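What follows is a single structure, written as C-alpha cells, with notes after it.
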Amino acid sequence: MDLVEFALLVVLTGVLGGLVGSLTGLGGAVVVIPVLVVAFGVPFPIAVGAGLITILATSSASGASFVRDHLSDLRIGMFLEIATVPGALVGASLTIFLVQANLSDALLIALGVILLAIVPGVVARRRQELPPPGAADDRARALGLAGEYHDEALGRDVRYEAQRTRPALGVMFGAGLVSGMFGIGAGVFKVFALERYLGLPMKVSTATSNFMIGVTGAAGAGILLAAGYINPVIAAPAALGTAGGAYLGSQILPELRNRTVRLLFLPIVGILAIEVILRGLGLL
Amino acid sequence: MSSPEAPGPGRPVPIRALPDSAYVRMSLVLRLGLGVSLAILIAGLIAYLIQHGTESYSVIVSSNPILSYLNLRGLAAGLAGGHIEAYLTLGLLALVATPILRVLSGFYYFHSGGERVMAAITFAVMILLLLGLLVLGPWVH
C-alpha cells in the first residue's frame, strides 16, 4: 500500500471515528487509536499522538460554538483545568517512559480495559436534565463558581452552583491522566465529575467538558510533539477525517432521538477494545 | 463576618459572569487557531503526498519526518528553506498553541477583572502547558 492510499484510509477511519464518537459521546479517538494500532500497525505512542491531535481539532471546533452560545461555564472550566492539565502531563510522560521500557503491550491492554470500562458508563449514564439542588462549598463560594443559562427546552433560565469541588478536582486529575496516557478525550469522566460532584445541569456539563478537553489534550499533545511522537502524516488525515465525521454526526444526531439506536454504536467501541487487548496479549 | 468574596453558607453564590467580549474573543481564538493550523496541515499534507505518495506506507509508520524540525533553529531553517516537513511541524504547533492562547485570554480577563485567585489559576495552567511543550517533552525524549 502506498502513502496516498494509506492517508485516504486514515481519513476514512477518522470519519468513522468522528461519527461513532459524536453519536456515543465518547469522541473520535476511541475508534482512531485502536484502528491505527490493529489495522495499520502504527506504534502505540504515535497512535496516541494522533488521537490527541484529533481531540484538539474537534474540541476547538465544537468548543468555539459552545463558548459563543454561552453554554460552557468558562469560570468552572478554567478552575478545573488546574487538575486536568497536571494529570495529562503525568499521563503523557508515563506513556513515554513505559514505551521506552518496552511496555507498549501493557499500555495496549490498559487502553482496551479503559475503553471497555467506559462503555457501561455511557449506557448507564444518568440523562437527568437538571441535578437535585445542593449547596455550594466554600471554595465554590470564594471563587464564584455559579452560573445561569437559558434552557430553550424548559423555556426558562436555569441557575446552578458548584457543590463538591474537592472530589471533582480528583476525578478531573484522573481524567487528565487517562487523556494524556491513552490519547482519548476522557469526556465521560469529566461529565461525570461535573454532573455528579459539582451538580451542574446536563447541558452545561457537556459544553464545559468540551471546552476543557482541548486544553487537556494540548497538555498531552505538547509533550508527545516535543518528544517526537506526533507524526503529521498520520495525525493530520486522522484529524481531518474525525472533524468531518463529527460534523456528519452532529447533523444526524437530532434525527436519532431514540437512545437505543444511539447505543447500538457502542459495540463498535467494545469490539475495538477487545482487539486492542488481544493485540497487547500477542494473540492478534 | 463574611466578606464579599465569600458569601455565607445558605445564601446563593453571586454570579460573576465574564464580559460578553470574553466569550466572543475565546470563541474567535479557537476558530482562528483551528482554521490557520488546519489550513497549514492540509496544504502541507497534500504537498508531502505529491512528493512521497508512491512510497510504501510502512516507511511513515516506522519513522517521523519532522524530527529535525522539533527545535527552534531546525524549524526556522526548515521554514526558510521551504521544507514541507517544517510547515507540517508549524501546523501541529499552531494546533497545540490554540488552547494555550485560549487560556491566555482567560488570564487576561480574570486579571483585568481584579480576580487574583482565578488569574493565578489560569496563569499556572498556562505555565504548566508551556512546561510540557518546552521542557518536559524534550526532556522525556
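As they're listed, the protein sequences go chains A and B.
Just add 51 to wherever you are in the first sequence, counting from 1, and you've got this note's numbering.
Just add 53 to wherever you are in the second sequence, counting from 1, and you've got this note's numbering.
From the three backbone atoms N, C-alpha and C, an ideal C-beta is built for every residue, glycine too.
Just so it is clear, the structure is predicted and the values come from calculations on it, not from any experiment.
CB contact below 9 Å: A:Tyr280 versus chain C: In the structure shown, chain C does not exist; the protein chains are A and B.
Which of helix, strand or coil DSSP assigns to A:Ala286: The answer is helix: DSSP assigns A:Ala286 an H, G or I state.
Check whether A:Asp188 and A:Gln214 have beta carbons under 9 Å apart: Yes, these two residues count as a Cβ contact at 9 Å.
Minimum C-alpha distance to A:Arg126 - residue among B:Val170, B:Val193 and B:Pro65: Comparing Cα positions, the closest option is B:Val170.
Cβ neighbour criterion (16 or more within 10 Å) applied to A:Arg217: So A:Arg217 ends up on the exposed side.
Assigned exposure category for A:Ser110 - 16 Cβ within 10 Å defines buried: A:Ser110 comes out buried.
Nonlocal neighbours in the same chain, by C-beta distance under 7 Å from B:Thr212, ignoring five residues either side: The first residue shown for chain B is 54 and the last is 194, placing residue 212 of chain B beyond what the model contains.
According to DSSP, residues forming a beta bridge with A:Leu202: As written in the sequence, residue 202 of chain A is Asp, which differs from the Leu given in the question. The partner list for A:Asp202 (beta bridge, DSSP) reads A:Arg207.
Cβ shell of A:Ala294 (< 7 Å), same chain only, five flanking positions each side left out: Within the same chain, A:Ala294 has close Cβ partners Gly69, Ala108, Thr109 and Ala112.
Proximity winner among A:Gly225, A:Ala297 and A:Asp156, relative to A:Gly331 (alpha-carbon distances): Per the C-alpha coordinates, the member of A:Gly225, A:Ala297 and A:Asp156 positioned closest to A:Gly331 is A:Asp156.
Short CB-CB distance (under 9 Å) between A:Ile97 and chain B: Closer than 9 Å: yes.
Cβ distance (whole Å) where B:Leu83 is taken to contact A:Ala270 below 8 Å: The C-beta distance from B:Leu83 to A:Ala270 rounds to 16 Å, too long to meet the 8 Å contact threshold.
Chain-order list of residues whose beta-carbon lies under 8 Å from that of A:Val320 (same chain, five-residue window excluded): Cβ neighbours of A:Val320 beyond the five flanking positions: Val71, Thr75, Leu77, Val81, Val82, Leu166, Ile169 and Val170.
Other residues of its chain near A:Asp202: CB distance less than 6 Å, five sequence neighbours each side excluded: Non-local C-beta neighbours of A:Asp202 in its own chain, meaning closer than 6 Å and more than five positions away in sequence, comprise Val209, ordered along the chain.
Chain-ordered residues of the segment 190 to 217 of chain A with a beta carbon less than 9 Å from chain B: Flagged, chain order: Ala191, Arg192, Ala193, Leu194, Gly195, Leu196, Ala197, Gly198, Glu199, Arg210, Glu212 and Ala213.
Residues that A:Arg119 contacts on chain B, provided the C-beta gap is smaller than 8 Å: Going along chain B in sequence order, the residues near A:Arg119 (Cβ under 8 Å) are Tyr76, Val77 and Ser80.
Contact with chain B by A:Asp156, beta-carbon distance below 9 Å: By this cut-off, A:Asp156 is not an interface position.
B:Pro57, DSSP secondary structure in three states: Confidence in B:Pro57 is poor, its pLDDT being 41 and thus under 50, which makes the residue's placement unreliable; the coordinate value appears in the next sentence. Correct three-state label for B:Pro57: coil.
Segment contact flag, the segment 132 to 140 of chain A with the segment 263 to 281 of chain A, C-beta cutoff 8 Å, min 3 pairs: Flag = yes, the segment 132 to 140 of chain A and the segment 263 to 281 of chain A touch.
Close-in-space but distant-in-sequence residues of the same chain around A:Met223 (CB under 6 Å, 5 per side omitted): Cβ neighbours of A:Met223 within its own chain (closer than 6 Å, five residues either side excluded): Leu131, Ala134, Thr135 and Ala244.
Beta-carbon neighbours of A:Gly92, restricted to chain B and to distances below 7 Å: Within 7 Å Cβ-Cβ: Val114.
Contact list for the segment 282 to 306 of chain A against chain B, Cβ threshold 9 Å: Near chain B, meaning a CB-to-CB distance below 9 Å, the residues of the segment 282 to 306 of chain A are Asn282, Pro283, Val284, Ile285, Ala286, Ala287, Pro288, Ala290, Leu291 and Ala294.
Amino acids of chain A, ordered along the chain, whose beta-carbon sits closer than 8 Å to that of B:Ala177: Taking a Cβ-Cβ threshold of 8 Å, the residues of chain A close to B:Ala177 are Ile133, in chain order.
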